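The structure appears right after this line, and notes come after that.
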Amino acid sequence: MASLRAAYLCLLIHILKIGLSKSGPSSNGGSLGNGVIKMRIIAEPLTSNLSPGAAAHQTEDDDEEPLALSPRTPPAEFTGPEHFRSLIGTCFTLQKANFQYKLCPFQNITQKETVYSLGRSKFHGILGVWHDWIVQDFRFSGWKMLHGDDCGKKGPRSTKVIFECGNTAVLSDATEPEQCRYEVTLKLPQACFPDSLLVYPTLTAESQREWDYLEGERENGELTTQGYDKRLKELLTSVGLLKKEADLESATKDNGLRDVADDGAERHYAEVPSTRKPGLALQFARLDQCQEAYGNVVEQLHQLEANCHPPPASPDTP
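Mapping of the sequence shown onto mature numbering (1 follows the signal peptide of the UniProt record, and there is no 0): residues -21 to -1, 1 to 297, in sequence order.
Here's what the structure looks like:
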C-alpha cells in the first residue's frame, strides 16, 4: 500500500512539472515561467485613528472641497445697537502666518490652516459662535464667540472680538494668548464714536427707568458699588445684551460687569469702574451743558450714519 501511494505521488509531481514547463511567459499575469506564479497585491484601505469630533474638522486635498463645518450650537439672536445690524450677512477674512481667519458677525468665526504640515491634515474648525456682547465702561466694546470646536482638555474653543476705530470694516489682527483661546481685532467706523457704543440708549424706556433708579440708589448710598454692578448686570442680562453664566463649570464670585467665557474655559475679566453712567441728567449741573452735550451727540450720529451709508456716486457728466 505504501509503495502504491509513493508511486501515485511521483506521477502527480511529474504531471505538474510537465504543465509548468509548457506554460511560457503570460501577458495576463497568470505566470512568469520557470515555475513562478505572478500574484496581484491589493492594498488594504487605510484606517484613521482620529476621534469623530476631530475627523469632522480636517480638510481634504487642496484641489477638493473642504469638509463642511458643523457648529456645536446655533448663534444667539441679534441684540444691541441697530447700526450694527448692517453687519449681518457680511464676513471678514484675515490671513496671518499659516492660518486664515474668517469672522461673520452674529454668526461665527473660523480658522483654516493654509500651509500643509508633514504628518497631519490641515486644521479647519470653528473658533466660536456668536454669544453676546462685551460691555466695558457702560459701552459695547466687543463680542464673545463661544462654544467652538472641542480642544481636548481645554474644552470648546472661544474667541473675543475687540472693536477698534477704522474708516472701513476690516479684520485687522488675530492672536492666541492661550491654547484654544483667541482674540481678534475688528476695525469699524461704528467704533470711532464712543457715544454710539453706549448701552443706555439701546434700552427700552422701561429698562432706562430701571437703570436710572439703580443710579439714584447708588448716588444716595443705598447701594454699594458691588451691589450696583450686580444689579446692573442682571438688568442687561434680562434684556438679552448679556447671557447668564449658568453653564460655568464652577460658580464664580460676581464682581461687576465681567466678560466671562460661559463655556468654562479661560475667563477674561473686564470689571466696570464705578463711574457715573454717560448720558444721565445727573452728569450735568446746568441746562446749557446738557444742550451742548446733546448737540455733540447729534453731530456724531450724523457722521456715523454718513460712514455707514455713504451717498451713491454721481454719474459721470459728458
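Beta carbons: idealized from backbone N, C-alpha and C, even for Gly.
Nothing here was measured: the structure is a model prediction, and the numbers come from that model.
For residue i, the nearest candidate out of the options (CA to CA)
i	options	result
residue 88	139, 132, 57	139
residue 298	102, 48, 208	In the structure as shown, the chain begins at -21 and stops at 297. Residue 298 is therefore absent and cannot be evaluated.
residue 76	66, 93, 68	93
residue 158	171, 178, 135	135
residue 74	149, 188, 177	149
residue 71	152, 96, 176	152
residue 177	130, 128, 199, 112	112
residue 276	200, 184, 171	171
residue 164	206, 195, 197, 120	120
Close Cβ partners of residue i (< 7 Å) along its chain, the five nearest in sequence each way excluded
i	result
residue 109	54, 55, 85, 86, 87, 122, 124
residue 167	142, 145, 148
residue 118	173, 176, 177, 178
residue 156	162
residue 95	101
residue 62	169, 175, 283, 287
Collapsed DSSP secondary structure at residue i in the structure displayed
i	result
residue 175	helix
residue 208	helix
residue 51	coil
residue 87	strand
residue 100	coil
residue 215	helix
residue 223	coil
residue 95	coil
residue 64	helix
residue 304	Residue numbering for the chain in the displayed model covers -21 to 297; residue 304 lies beyond these limits and cannot be assessed.
residue 143	strand
residue 185	helix
residue 110	strand
residue 134	coil
residue 195	helix
residue 202	coil
residue 121	strand
residue 162	strand
residue 248	At residue 248, the pLDDT of 31 sits below 50, so the modelled position is not reliable; the number obtained from the coordinates is stated separately. DSSP places residue 248 in coil when its eight states are reduced to three.
C-beta atoms of residue i and residue j nearer than 7 Å
i	j	result
residue 154	residue 162	yes
residue 64	residue 126	no
residue 105	residue 129	no
residue 189	residue 211	no
residue 98	residue 137	no
Rounded Cβ spacing between residue i and residue j (contact assumed at less than 8 Å)
i	j	result
residue 169	residue 283	7 Å
residue 202	residue 193	7 Å
residue 174	residue 279	6 Å
Own chain residues within Cβ distance below 6 Å of residue i, not counting five before or after
i	result
residue 60	181
residue 285	none
residue 66	84
residue 272	none
residue 68	none
residue 196	202
residue 186	218
residue 28	Below a pLDDT of 50, predicted positions are generally treated as unreliable, and residue 28, at 34, falls in that range; the measurement from the model is reported next regardless. Result list for residue 28: empty, nothing under 6 Å.
residue 133	158, 159
Same chain only: Cβ atoms within 8 Å of residue i, ignoring 5 sequence neighbours per side
i	result
residue 58	111, 112, 218, 219, 220
residue 216	222, 223
Chain B within 7 Å of residue i, Cβ atoms only
i	result
residue 217	Chain labels in this structure do not include chain B; a single protein chain is all it has.
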